[in-house]
């Protein structure tokens with residue numbers, strides 16, 4: 001490629017780069033992280049960027065923030081191929097692939113309106129993580145991978 005056709009996004013000094021996110025999921029990544037533009041984080045988002053591995057991908061760079069394991073666990077549900085790069089002083093000091101946890105709680109809402117987790121009961125939603133989605137611990141409803149973003153409970 002010539003320099004005129006390369007994607008240029010500035011390096012971050014300190015923070016996290018979330019790479020190899022499925023195309024179209026970057027805004028859901030921001031929602032999971034609670035980033036809505038009001039709290040002042042510097043964020044760079046690349047959407048539908050060409051990728052050898054995925055065809056097209058999204059990239060999210062968050063300045064001044066390293067993700068917690070619970071945030072990475074939730075990201076793994078919508079971006080199972082993602083890699084997490086921790087950057088300090090402009091250098092990648094840690095690089096890892098997301099690993100799906102066996103269970104998640106409190107981050108996905110059950111789509112079954114009759115499920116007890118959707119009633120006014122003092123319980124937290126819980127799901128077993130499957131290879132292609134999640135299964136509700138209470139009613140057994142399955143949320144497929146493509147539907148998880150619509151059922152995220154990131155409030």
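Numbering (my numbering), first residue to last: 1 to 155.
Glycine included, C-beta positions come from ideal geometry on N, C-alpha and C.
Since the structure is predicted, the reported quantities are computational estimates derived from the model, not experimental observations.
For the pair residue 82 and residue 75, the CB atoms are nearer than the 8 Å cut-off.
Unbroken beta strand (DSSP E) runs of no fewer than 3 residues, entirely contained in the segment 51-116, are found at 55-63, 83-88, 91-97 and 103-105, following chain order.
Secondary structure of residue 142 (DSSP, three-state): strand.
Annotated as proximal: residue 59 and residue 19, with beta-carbon spacing under 8 Å. Looking at the DSSP output, residue 22 bridges to 57. Going by DSSP, residue 126 is part of the beta strand (DSSP E) stretching over 126-130.
Taking C-beta atoms under 8 Å as the contact rule, residue 109 and residue 137 fail to qualify, at a distance of about 13 Å.
Around the beta-carbon of residue 69, fewer than 16 other beta-carbon atoms lie within 10 Å, marking it exposed. Under the three-state reduction of DSSP, residue 28 is assigned to helix. Here DSSP, grouped into helix, strand and coil, assigns residue 14 to coil.
Residue range 133-136 is occupied by the beta strand (DSSP E) that includes residue 133.
Here the alpha carbons of residue 78 and residue 143 stand approximately 12 Å from one another.
Bridge pairing for residue 44: 61 [DSSP]. Pairing residue 129 with residue 111, the inter-Cα distance amounts to about 15 Å. Taking all protein chains in view, the Cβ of residue 16 is crowded by 16 or more other Cβ atoms within 10 Å, so the residue is classified as buried.
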